[in-house]
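Chains as they are written, first to last, in the working numbering: chain A, 860 to 1657; chain B, 17 to 349. Beneath this line is the structure, given in structure tokens, with notes to follow.
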Amino acid sequence: MNTISVVKRDGSKEPFDANKINLALVKASEGLEDQIAKVVEVASQLQLTLFDGITSEQLDEAVIHTALQNVKDDPDYDKIASRLLLKNLYKNILGDYDTAPELKKLHETKFIAYVKDAVKEGLLDPRMIDDRFDLKRLAKALDPEKDDLSRYLGVVTNKNRYALRKGSGDPMEVPQFTHMRIAMGLSINAKDPTESALDFYKHMSSLDYVPGGSTRVNAGGAHPQLSNCFLINVDDDMESIAQSVRDTMYIAKGTGGIGIGFTKLRAAGSPVKTTNTESTGPIPFMKMIDSALFAVSRKGKKAGAAALYMENWHLNFPQFLDLKANSGDPYLRTRLANTAVFISDEFMRRVEADETWYLFDPAEVMDLTELYGKDFSKRYGEYVAKADAGEMRKYHKISARQQFRQILIQLQATSHPWLTWKDTINVRALNNNTGTIHLSNLCTEITLPQDNENIAVCNLVSINLSAHLKDDKTWDWKRLEESSRSAIRQLDNLVDITELPVPTAMNANKKTRALGLGMMGFTDVIEKLGYSYESEEAYDLMDQIAEYISYYAIDESTVLAKKLGSYPAFKGSGWSKGVLPIDTLDELAKNRNVKVDINRTTRLDWEALRKKVKQGMRNATLMAIAPTANIAHIAGTTPGIDPQFSQIFSRSTLSGKFLEVNANLVLDLKKLGVWEEVKDQLLINQGDIQTIDIIPDEIKAVYKTSFQLSPYAFIEVAARAQKWVDQAISRNMYLETRDIDEYEKIYTEAWKRGLKTTYYLHVKPRHQSEQTTVSSNKSEKIKQQDSRKVGFGFARAK
Amino acid sequence: MADKKDEPTGILGSSLRDGLQLKPVRYEWAYDLYNQAVSNTWFPNEVQLVQDLADFDKLSDEEKHALKTVISYLNPNELLINKSLAFGIYPHLNAAEAQIYLSKQMWEEANHFMTFEYIIETFPFDREEIYAAGFGKKSLADKAAFQNKHLEIMLSKDLDINTLEGKKDFVRSLVAYNIVLEGIWFYSGFMVGMSFRQRNLLRNVGSLLDWITRDENLHLTFGINLLLTILDENPELQTSEFADEIRELILEAVRLEEAYNKDMLPNGILGLNADYVNQYVKFMTDRRLEELGFEKEYNVGNPAKWMAAANDTLELVNFFESTNTSYEVNSVK
Chain A
860 MNTISVVKRD GSKEPFDANK INLALVKASE GLEDQIAKVV EVASQLQLTL
910 FDGITSEQLD EAVIHTALQN VKDDPDYDKI ASRLLLKNLY KNILGDYDTA
960 PELKKLHETK FIAYVKDAVK EGLLDPRMID DRFDLKRLAK ALDPEKDDLS
1010 RYLGVVTNKN RYALRKGSGD PMEVPQFTHM RIAMGLSINA KDPTESALDF
1060 YKHMSSLDYV PGGSTRVNAG GAHPQLSNCF LINVDDDMES IAQSVRDTMY
1110 IAKGTGGIGI GFTKLRAAGS PVKTTNTEST GPIPFMKMID SALFAVSRKG
1160 KKAGAAALYM ENWHLNFPQF LDLKANSGDP YLRTRLANTA VFISDEFMRR
1210 VEADETWYLF DPAEVMDLTE LYGKDFSKRY GEYVAKADAG EMRKYHKISA
1260 RQQFRQILIQ LQATSHPWLT WKDTINVRAL NNNTGTIHLS NLCTEITLPQ
1310 DNENIAVCNL VSINLSAHLK DDKTWDWKRL EESSRSAIRQ LDNLVDITEL
1360 PVPTAMNANK KTRALGLGMM GFTDVIEKLG YSYESEEAYD LMDQIAEYIS
1410 YYAIDESTVL AKKLGSYPAF KGSGWSKGVL PIDTLDELAK NRNVKVDINR
1460 TTRLDWEALR KKVKQGMRNA TLMAIAPTAN IAHIAGTTPG IDPQFSQIFS
1510 RSTLSGKFLE VNANLVLDLK KLGVWEEVKD QLLINQGDIQ TIDIIPDEIK
1560 AVYKTSFQLS PYAFIEVAAR AQKWVDQAIS RNMYLETRDI DEYEKIYTEA
1610 WKRGLKTTYY LHVKPRHQSE QTTVSSNKSE KIKQQDSRKV GFGFARAK
Chain B
17 MADKKDEPTG ILGSSLRDGL QLKPVRYEWA YDLYNQAVSN TWFPNEVQLV
67 QDLADFDKLS DEEKHALKTV ISYLNPNELL INKSLAFGIY PHLNAAEAQI
117 YLSKQMWEEA NHFMTFEYII ETFPFDREEI YAAGFGKKSL ADKAAFQNKH
167 LEIMLSKDLD INTLEGKKDF VRSLVAYNIV LEGIWFYSGF MVGMSFRQRN
217 LLRNVGSLLD WITRDENLHL TFGINLLLTI LDENPELQTS EFADEIRELI
267 LEAVRLEEAY NKDMLPNGIL GLNADYVNQY VKFMTDRRLE ELGFEKEYNV
317 GNPAKWMAAA NDTLELVNFF ESTNTSYEVN SVK
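Here it is as structure tokens:
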């Protein structure tokens, strides 16, 4: 082999030292099975990628990528890659070290200087070093061993998205610094900032819970925009439209996710009095928002994104449906913005009864946008009568069922619009004394009211269920209670620390103190417990866990209300009347006059809590289950309440495309001694184990792909949680069927069981590119069908 | 309506009037491919290529050169495939289901061609400079000569599909264009293109390549099915001399590709060097040989294990950050 030389950081050259690489690999694979075999595997594959003049940075990258590409054979390689990346981060940011105690000391000695420098450079809030924090104590508490809890994707996601950065773009923080910075940033206004920071740090470094993306990026920063979700409803006038574009730009710049409602905008062709012309309708204004998003989107850290909402009685709803089609006039398409439809009970009733659905110009029926439930149905009926009597300037009729099918067809082809239900959302809301909820947000889990003076805001933290399941498969209920309470305290602090980019958002924030505590890791825990996602055990577990978290979240809010006062709009809310989320199911059933098909069982003493709630609540809302697509990587667990996408699959993110093999499955298969035998077949089957004979049925039942699970399982899991969650749940759907009749049944059932919203629809692809890392032969299928066709094989037979 | 004596008997044929009826479908595989191809329809401007410009600036000179080379090679050759289908394959087939599939494939080649145009227009490529870089390189000229030889055969007015020699020429052309150009040479270019995404660069180019390789899978499935059907229906082609000739044609193509890759990647870029790419080429060639019923030649593994993540698995997209390339259109029952 030719001599390869490596170019160091200072420009000097040295010959490639295979031994140095081997030692690093040995250290990174400590504690893993077949350690030496793994080291040799990575080292030999690495040789193939070397070339003369490779820089030491490129070499570091190459070793990590070489380790990663073996994950399909053994998830242990992920651990190797993760440790290698951590070592690079420690070396580059903190300096050299040899042992674990040295590393801890290094963290301790470098922390204070890091915070001071960052403040000096204007990156961090000066309050971080104004003596309210006992920095020495905090520095001592830093525990780098906690980094070993993370997987590679977590380390690289933190490095690329959340870590504080220098002007050059290089991170200034090692992972434990990030946790501490966030803990401090959310304790700035606490009574005892140091104690508060230590408490938050303890939970976050142990991955008990993870704050939402915007919080992770900006906590402790000089410009603490910490809120994650914003909801804007646009009014039918130029001022409001212009304001919404402006607000979108500022919020997107601050990494927020936005929901924008357009139902009020008059339809295309509707007269504009001030200019004696006609309106172009809402679509061109949606296009403007899409362009604004593109202009402001930031590379690297979280990009702002938006979901556009419209009620389906709007005359231009058909054009709204086309916004995400893949071909057509680009002026009538929104490539970046997502779309969601806000559906009333009245519509669902008409679909069921196969009646007509009328579309109107909001200019003629503006009050419909503020009404919901029975009141909406009544008024809608009055407008329908007027239309039939020829008294409406403009309207359109379509079979309700036909429109429902159109929505579902578009959903299948483009994954938009997401279906959300206006009346379930509004009727069940406890903070229902400050106005109508006109839309949900970017990820369909926030349900808060908004108007001209108030852009709704929500702040998110997600509890990592995996951290609360002990190794002996029992729950650490005490820890779960502590985590829930700590998370609520953290979120409540956030309300007063966050600086919002728009004043109308500040109004809403102060008035409601709305929180969104959620959860992630559901599938990870049920796999460890041996439950299938579509089992009564799993449903019951969700019911129990959601109730538990909700109970302690509400309780902590009453505790904070006693100490610090209720949220300003508490009086007149459902809370103030002693109404709890579980009570609102019956209210919903009464209002829509249709059963809400979910059990009403409770396990905890809600009567005791009800008394406390009546006396005061610190926050208008407590819970919302976000998708947690990125923060789940930090926790190294499955996102939100989502099932396993497939048992082996690739994830496409801003940080790259990564292979994921289900570590729980691999562990179970290794225990049976069959992993080596099945791993290639697993890849050929694209993560489906159902046809692999050697795997026992019990394992097959627990490890199905998302497309193999019954769609009704997704609905049931969400329905159980929705009993307790006072906002909503980002319910991803995964369907193999393409039959629109099935889709009708599924989404109708979702509504019947009380789901407030659904989210992205994944449809199983029927066709992929040719696989290249497992054997594949296009002629196999033909040969099976017709044994005569052997191609040039006749030459062999002779 | 064709007379009984004009009724098509095999998949090869030359009459304009033949193969105007779809049903009864004689070649289910062609009909299935048509339907799947329609569902796979995509358009290059669904992807925001301009987001990759920042990545392009970060590339080293060698990396930029490798990328430019791959793109400027693939771009005209997609159109060449389109022509080879029009002149060399389509006119000699005799089944409606095959011809409607080829019509879609020809559009797909046009779509691929336009995709590479989109890439060339977006990135700061100097077309003159790129084409000049290949000029004078013997390895590129040799590959072009290989293609031209078979193009001449296809365009020859003397090719009579009803004769043995005509059928042999057809098979040679099909192998040269579908198996070699599309199935081996293109795949090596795609792999180089996708390797950037594994290092988190040029992710949007990666999405476009996902769609292109998804199409190519169908193109190759068609070509292979067609070859096997022709051999089966025309037993006079089943001689060991002809089998050897075709095998040698494929192996010669690999030698040409190896020389070309050594020229194009003289120093190597992160994750790739000429030996690495050439091992991949041999691995893919073995697969093509097996698909045609031959035995493997090289017996090497795929050095690019990262393609398991890049290409072999179902993809879960964080759709705020990446384009979802898994959807289908017009697929409602």
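Glycine included, every Cβ here is placed at the ideal spot set by N, Cα and C.
Shown here, N1313 (chain A) sits in a strand according to DSSP, grouped into three states.
According to the DSSP secondary-structure assignment, F1235 (chain A) is paired through a beta bridge with no residue. Contact between V885 (chain A) and V899 (chain A) is absent: CB atoms are separated by about 10 Å, not below the 8 Å threshold. Interface residue (Cβ-Cβ distance to chain B less than 8 Å): A921 (chain A) is classified as such. Around G284 (chain B), the beta-carbon contacts reaching into chain A at under 9 Å are T908, L909, F910, D911, G912 and I913. Taking G1375 (chain A) as reference, the option from A:C1302, A:L1620 and A:E1358 with the minimal CA-CA separation is A:C1302. Within the same chain, and ignoring the five residues on either side of A877 (chain A) in sequence, no residue has its Cβ closer than 6 Å to its Cβ. For D226 (chain B), the chain A residues whose C-beta falls within less than 8 Å of its own C-beta are S1628, listed in chain order. Of all residues in the region 1453-1473 of chain A, none comes within less than 9 Å of chain B when Cβ atoms are compared. Among the bridge pairs identified by DSSP, H1255 (chain A) is matched with A:L1218. In the same chain as E1415 (chain A), and ignoring 5 residues on each side of it, the C-beta atoms closer than 6 Å to its own belong to R1344 and I1347, in chain order. In this chain, the alpha helix (DSSP H) harbouring S1103 (chain A) covers M1097 to K1112. It is roughly 16 Å from the alpha-carbon of Y936 (chain A) to the alpha-carbon of D1539 (chain A). From the beta-carbon of F202 (chain B), no residue of chain A is found nearer than 7 Å; the closest lies around 12 Å away. P1360 (chain A) counts as buried, since at least 16 other C-beta atoms from the protein chains shown sit within 10 angstroms of its C-beta. Annotated as proximal: F299 (chain B) and G317 (chain B), with beta-carbon spacing under 8 Å.
In the DSSP annotation of this structure, the continuous segment of the beta strand (DSSP E) that includes W1277 (chain A) starts and ends at W1277 to W1280.
Here G1079 (chain A) really is in contact with I1041 (chain A); their C-beta atoms are around 7 Å apart, less than 8 Å. Annotated as distal: L1463 (chain A) and E1396 (chain A), with beta-carbon spacing of 8 Å or more. Interface flag for L1012 (chain A) against chain B is unset, since no Cβ pair is found closer than 8 Å. Residue A:H1626 holds the alpha-carbon nearest to the alpha-carbon of V54 (chain B) among A:H1626, A:D1399 and A:S1432.
For H1082 (chain A), DSSP records no beta bridge to any residue. If you draw a straight line from the Cα of P1143 (chain A) to the Cα of A1364 (chain A), it is about 25 Å long. Proximity of S1186 (chain A) to chain B, defined by a Cβ-Cβ separation below 8 Å, is satisfied. Chain B has no Cβ within less than 8 Å of the Cβ of S1027 (chain A). In the DSSP assignment, the residues bridged to K1516 (chain A) are A:S1511. With a cutoff of 8 Å on beta-carbon distance, L1090 (chain A) and L1298 (chain A) are scored as near each other. If only uninterrupted beta strand (DSSP E) runs of at least 3 residues are considered, those enclosed by the region 1322-1400 of chain A are 1374-1379. In the DSSP assignment, N1450 (chain A) falls within the unbroken alpha helix (DSSP H) covering T1443 to R1451. Distance between L75 (chain B) and Q906 (chain A), taken at the CA atoms: about 22 Å.
Of all residues in the region 316-329 of chain B, only N318, P319, A320, K321, W322, M323, A324, A325, A326, N327, D328 and T329 come within less than 8 Å of chain A when Cβ atoms are compared, listed by chain position. In the DSSP assignment, G1120 (chain A) forms a beta bridge with A:N1092 and A:Y1168. In this structure V196 (chain B) touches I266 (chain B) by the C-beta definition: roughly 6 Å separates them, less than 8 Å.
P1034 (chain A) carries a helical assignment under DSSP once its states are collapsed to helix, strand and coil.
Distance between G1128 (chain A) and V1576 (chain A), taken at the CA atoms: about 44 Å. At a cut-off of 8 Å between beta-carbon atoms, K1050 (chain A) makes no contact with chain B.
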